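Take a look at the structure below.
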Amino acid sequence: MFIKGFECGPLYTFAYLVSDAKRDESGFAAACVIDCSYGSAPLILQEAAVRHFKIERILNTHGHFDHSADNAALQKATGAPIFIHQSDEWRLTEPYKENFPIPFPMTPTRASVYLNDGDIIQVGSLQFEVLYTPGHTRGGVCFYEAQHKVLFSGDTLFNGSVGRWDFVDSDLTALVRSLARLMKLPDEVRVYPGHGEQTTIGQERRTNPIIQQVLRVVNA
(Lines of atoms letter the chains of each structure in order from A and count residues from 1; the text may use other names and numbers.)
(Lines give C-alpha, C1' and ligand atoms only; values in the text may rest on other atoms or scores of the structure.)
Protein backbone atom coordinates (compact mmCIF):
# COMPACT_ATOMS: atom_id res chain seq x y z
CA MET A 1 0.00 0.00 0.00
CA PHE A 2 1.38 3.38 -1.04
CA ILE A 3 0.60 6.45 1.08
CA LYS A 4 2.15 9.87 0.62
CA GLY A 5 1.07 12.95 2.52
CA PHE A 6 1.37 16.50 1.21
CA GLU A 7 1.28 19.14 3.95
CA CYS A 8 -0.11 22.22 2.24
CA GLY A 9 -1.91 25.51 2.73
CA PRO A 10 -1.91 28.10 5.51
CA LEU A 11 -3.22 25.59 8.07
CA TYR A 12 -0.66 22.91 7.13
CA THR A 13 -3.34 20.43 6.11
CA PHE A 14 -2.41 16.98 4.85
CA ALA A 15 -3.67 15.70 1.51
CA TYR A 16 -3.00 11.99 1.02
CA LEU A 17 -2.33 10.17 -2.23
CA VAL A 18 -3.16 6.50 -1.68
CA SER A 19 -2.82 3.48 -3.97
CA ASP A 20 -2.38 -0.27 -3.87
CA ALA A 21 0.47 0.34 -6.37
CA LYS A 22 -0.65 -2.65 -8.45
CA ARG A 23 -0.55 -1.76 -12.12
CA ASP A 24 -3.18 -3.23 -14.41
CA GLU A 25 -2.82 -4.14 -18.08
CA SER A 26 -2.86 -0.46 -19.00
CA GLY A 27 0.24 0.11 -16.89
CA PHE A 28 -1.51 2.25 -14.27
CA ALA A 29 -2.44 1.61 -10.65
CA ALA A 30 -5.71 2.83 -9.16
CA ALA A 31 -5.38 5.64 -6.62
CA CYS A 32 -7.44 8.04 -4.56
CA VAL A 33 -6.83 11.36 -2.86
CA ILE A 34 -8.06 11.99 0.67
CA ASP A 35 -8.62 15.68 1.55
CA CYS A 36 -7.27 17.76 -1.34
CA SER A 37 -5.87 20.71 0.60
CA TYR A 38 -5.01 24.12 -0.82
CA GLY A 39 -2.02 23.92 -3.17
CA SER A 40 -1.83 20.14 -3.08
CA ALA A 41 -3.33 19.32 -6.49
CA PRO A 42 -0.23 20.12 -8.62
CA LEU A 43 2.00 18.14 -6.27
CA ILE A 44 -0.37 15.19 -6.25
CA LEU A 45 -0.73 15.18 -10.03
CA GLN A 46 3.03 15.26 -10.47
CA GLU A 47 3.53 12.37 -8.04
CA ALA A 48 0.74 10.36 -9.65
CA ALA A 49 2.24 10.84 -13.11
CA VAL A 50 5.69 9.71 -11.98
CA ARG A 51 4.28 6.60 -10.32
CA HIS A 52 1.76 5.80 -13.07
CA PHE A 53 -1.23 6.17 -10.76
CA LYS A 54 -4.72 6.84 -12.07
CA ILE A 55 -6.65 8.95 -9.56
CA GLU A 56 -10.15 7.45 -9.48
CA ARG A 57 -11.66 8.94 -6.31
CA ILE A 58 -11.50 12.24 -4.40
CA LEU A 59 -12.51 11.49 -0.82
CA ASN A 60 -13.35 14.15 1.76
CA THR A 61 -13.26 13.50 5.51
CA HIS A 62 -15.28 16.71 5.91
CA GLY A 63 -15.91 19.94 4.06
CA HIS A 64 -13.78 22.56 5.80
CA PHE A 65 -11.98 24.73 3.25
CA ASP A 66 -8.49 23.69 4.27
CA HIS A 67 -9.34 20.07 3.41
CA SER A 68 -11.28 20.64 0.20
CA ALA A 69 -9.85 23.75 -1.49
CA ASP A 70 -8.21 21.90 -4.40
CA ASN A 71 -11.11 19.53 -5.11
CA ALA A 72 -12.09 21.51 -8.21
CA ALA A 73 -8.58 21.58 -9.66
CA LEU A 74 -8.04 17.88 -9.07
CA GLN A 75 -11.42 16.92 -10.49
CA LYS A 76 -10.81 19.06 -13.57
CA ALA A 77 -7.47 17.34 -14.18
CA THR A 78 -8.61 13.77 -13.52
CA GLY A 79 -12.38 13.60 -13.92
CA ALA A 80 -12.52 11.74 -10.61
CA PRO A 81 -15.79 11.86 -8.64
CA ILE A 82 -15.95 13.73 -5.32
CA PHE A 83 -17.17 11.84 -2.25
CA ILE A 84 -18.42 13.60 0.90
CA HIS A 85 -21.11 13.17 3.54
CA GLN A 86 -24.27 15.03 2.56
CA SER A 87 -24.27 17.10 5.76
CA ASP A 88 -21.02 18.77 4.71
CA GLU A 89 -21.69 19.23 0.99
CA TRP A 90 -22.79 22.86 1.49
CA ARG A 91 -19.19 23.69 2.30
CA LEU A 92 -18.25 22.63 -1.23
CA THR A 93 -21.14 24.27 -3.07
CA GLU A 94 -21.15 27.52 -1.07
CA PRO A 95 -17.74 27.74 0.61
CA TYR A 96 -18.03 31.42 1.48
CA LYS A 97 -21.02 30.77 3.73
CA GLU A 98 -18.62 29.54 6.41
CA ASN A 99 -18.63 31.55 9.63
CA PHE A 100 -14.92 32.31 9.29
CA PRO A 101 -12.95 33.93 6.44
CA ILE A 102 -11.33 31.81 3.74
CA PRO A 103 -7.83 33.19 3.06
CA PHE A 104 -7.67 32.22 -0.62
CA PRO A 105 -9.98 31.93 -3.66
CA MET A 106 -11.97 28.72 -3.73
CA THR A 107 -13.90 27.27 -6.68
CA PRO A 108 -17.24 25.73 -5.64
CA THR A 109 -17.79 22.04 -6.37
CA ARG A 110 -20.46 19.54 -5.49
CA ALA A 111 -20.61 15.93 -4.43
CA SER A 112 -20.64 13.20 -7.03
CA VAL A 113 -21.39 10.58 -4.37
CA TYR A 114 -22.71 10.97 -0.82
CA LEU A 115 -20.91 8.97 1.84
CA ASN A 116 -22.83 6.97 4.44
CA ASP A 117 -21.70 5.00 7.45
CA GLY A 118 -20.59 1.52 6.46
CA ASP A 119 -20.07 2.27 2.78
CA ILE A 120 -17.12 0.50 1.17
CA ILE A 121 -15.09 2.58 -1.28
CA GLN A 122 -13.09 0.39 -3.64
CA VAL A 123 -9.78 1.70 -4.99
CA GLY A 124 -7.98 -1.07 -6.83
CA SER A 125 -7.61 -3.84 -4.26
CA LEU A 126 -8.04 -1.43 -1.34
CA GLN A 127 -11.36 -1.26 0.49
CA PHE A 128 -12.04 1.82 2.57
CA GLU A 129 -14.86 1.53 5.07
CA VAL A 130 -16.62 4.80 5.77
CA LEU A 131 -16.91 5.46 9.50
CA TYR A 132 -19.35 8.27 10.23
CA THR A 133 -17.66 10.36 12.92
CA PRO A 134 -19.59 13.60 13.46
CA GLY A 135 -18.58 16.12 16.08
CA HIS A 136 -15.97 18.39 14.53
CA THR A 137 -18.56 18.90 11.78
CA ARG A 138 -21.94 17.28 11.21
CA GLY A 139 -20.68 15.43 8.16
CA GLY A 140 -17.32 14.20 9.40
CA VAL A 141 -16.13 10.74 8.38
CA CYS A 142 -13.00 8.63 8.67
CA PHE A 143 -11.74 6.10 6.14
CA TYR A 144 -10.59 2.71 7.47
CA GLU A 145 -8.68 0.18 5.39
CA ALA A 146 -8.87 -2.94 7.54
CA GLN A 147 -6.56 -5.19 5.51
CA HIS A 148 -3.64 -2.80 5.98
CA LYS A 149 -4.85 -1.46 9.35
CA VAL A 150 -4.82 2.18 8.27
CA LEU A 151 -7.17 4.98 9.33
CA PHE A 152 -7.46 8.42 7.73
CA SER A 153 -8.97 10.45 10.55
CA GLY A 154 -9.35 13.95 9.11
CA ASP A 155 -9.97 16.38 11.96
CA THR A 156 -11.56 13.84 14.30
CA LEU A 157 -8.41 12.38 15.89
CA PHE A 158 -4.87 13.78 16.06
CA ASN A 159 -1.57 12.73 17.59
CA GLY A 160 -2.07 13.76 21.21
CA SER A 161 -5.27 15.70 20.58
CA VAL A 162 -8.70 15.65 18.92
CA GLY A 163 -10.70 17.84 16.58
CA ARG A 164 -12.08 21.19 17.68
CA TRP A 165 -15.69 21.28 18.85
CA ASP A 166 -16.22 25.04 19.09
CA PHE A 167 -17.50 25.71 15.57
CA VAL A 168 -21.13 26.64 14.90
CA ASP A 169 -22.14 23.14 13.80
CA SER A 170 -19.76 21.21 16.06
CA ASP A 171 -21.20 18.82 18.64
CA LEU A 172 -19.09 17.74 21.61
CA THR A 173 -21.41 14.89 22.56
CA ALA A 174 -21.23 13.51 19.02
CA LEU A 175 -17.44 13.92 18.98
CA VAL A 176 -17.12 11.93 22.21
CA ARG A 177 -19.16 9.10 20.67
CA SER A 178 -17.08 9.22 17.49
CA LEU A 179 -13.79 9.08 19.39
CA ALA A 180 -15.03 6.21 21.53
CA ARG A 181 -15.91 4.35 18.34
CA LEU A 182 -12.42 4.84 16.92
CA MET A 183 -10.89 3.52 20.13
CA LYS A 184 -12.54 0.16 19.41
CA LEU A 185 -10.18 -0.32 16.47
CA PRO A 186 -7.06 -2.47 17.01
CA ASP A 187 -4.08 -0.88 18.76
CA GLU A 188 -1.82 -1.37 15.74
CA VAL A 189 -4.00 0.67 13.36
CA ARG A 190 -1.90 3.50 11.92
CA VAL A 191 -3.62 6.87 12.00
CA TYR A 192 -3.03 9.47 9.28
CA PRO A 193 -4.63 12.71 10.54
CA GLY A 194 -5.51 15.91 8.74
CA HIS A 195 -2.88 17.83 10.69
CA GLY A 196 0.27 16.87 12.55
CA GLU A 197 2.23 13.68 13.02
CA GLN A 198 1.04 10.15 12.36
CA THR A 199 0.12 7.98 15.31
CA THR A 200 -1.59 4.69 16.18
CA ILE A 201 -4.85 3.87 17.92
CA GLY A 202 -2.90 2.18 20.72
CA GLN A 203 -0.69 5.20 21.28
CA GLU A 204 -3.68 7.52 21.51
CA ARG A 205 -5.48 5.19 23.89
CA ARG A 206 -2.42 5.08 26.15
CA THR A 207 -1.17 8.67 26.01
CA ASN A 208 -3.82 11.09 24.71
CA PRO A 209 -5.33 12.83 27.76
CA ILE A 210 -8.53 13.76 25.94
CA ILE A 211 -9.04 10.19 24.76
CA GLN A 212 -8.48 8.93 28.29
CA GLN A 213 -11.15 11.33 29.53
CA VAL A 214 -13.50 10.23 26.72
CA LEU A 215 -13.06 6.59 27.69
CA ARG A 216 -13.74 7.35 31.34
CA VAL A 217 -16.97 9.12 30.37
CA VAL A 218 -18.27 6.40 28.05
CA ASN A 219 -17.30 3.60 30.44
CA ALA A 220 -18.79 5.26 33.52
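Counting in numbering that gives the first Met the number 0, the sequence shown runs without a single skipped number right up to 219 at its last residue. Beta carbons: idealized from backbone N, C-alpha and C, even for Gly. Keep in mind it's a predicted model, so treat the numbers as computed, not measured.
So, are the CB atoms of residue i and residue j less than 8 Å apart?
i, j, result
"ASP65", "THR108", "no"
"PRO239", "SER152", "Lying before the first or after the last residue shown, residue 239 is absent from the chain, which here runs from 0 to 219."
"LEU171", "VAL213", "no"
"SER169", "GLY138", "no"
"ILE293", "SER124", "With the chain covering only 0 through 219, there is no way to say anything about residue 293."
"ALA76", "ALA48", "no"
"SER36", "GLY62", "no"
"THR198", "CYS141", "no"
"GLY159", "THR206", "yes"
"ASP69", "THR136", "no"
"LEU181", "THR132", "yes"
Taking only the alpha-carbon atoms, compute the straight-line gap between residue i and residue j and give it to the nearest angstrom.
i, j, result
"ASN275", "ARG90", "Examination of residue 275 is not possible in this model, given that the chain is present from 0 through 219 alone."
"LEU42", "ARG215", "42 Å"
"ARG204", "SER25", "43 Å"
"GLY220", "ILE57", "In the structure as shown, the chain begins at 0 and stops at 219. Residue 220 is therefore absent and cannot be evaluated."
"ALA106", "GLU187", "A quick correction: the sequence has Thr, not Ala, at residue 106. Cα-Cα distance, rounded: 38 Å."
"TYR95", "PHE166", "15 Å"
"HIS51", "PHE5", "18 Å"
"GLN45", "ILE101", "26 Å"
"PHE127", "ILE119", "5 Å"
"ASP23", "ASN218", "48 Å"
Ignore the nearest five residues each way along the sequence and tell me which others in residue i's own chain have a CB closer than 7 Å to its CB.
i, result
"PHE157", "PRO192, HIS194, GLY195"
"GLU55", "ALA29, ALA30, CYS31, ALA79, VAL122"
"GLY201", "ASP186, GLU187"
Just to confirm my understanding: we take residue i, look at its own chain, exclude 5 residues before and 5 after, and list those with CB closer than 8 Å. What are they?
i, result
"MET0", "VAL17, SER18, ASP19, ALA20, LEU125, GLU144, HIS147, VAL149"
"ILE2", "TYR15, LEU16, VAL17, VAL149, TYR191"
Take residue i and list the residues in its own chain whose beta-carbon comes closer than 6 Å to its own, dropping the five residues that flank it on each side.
i, result
"LEU174", "GLY134, TRP164"
"LEU184", "ILE200"
Minimum length 3: unbroken beta strand (DSSP E) runs contained in the segment 89-163: Within the segment 89-163, the complete beta strand (DSSP E) runs of at least 3 residues are 112-114, 119-122, 125-131, 140-144, 149-153.
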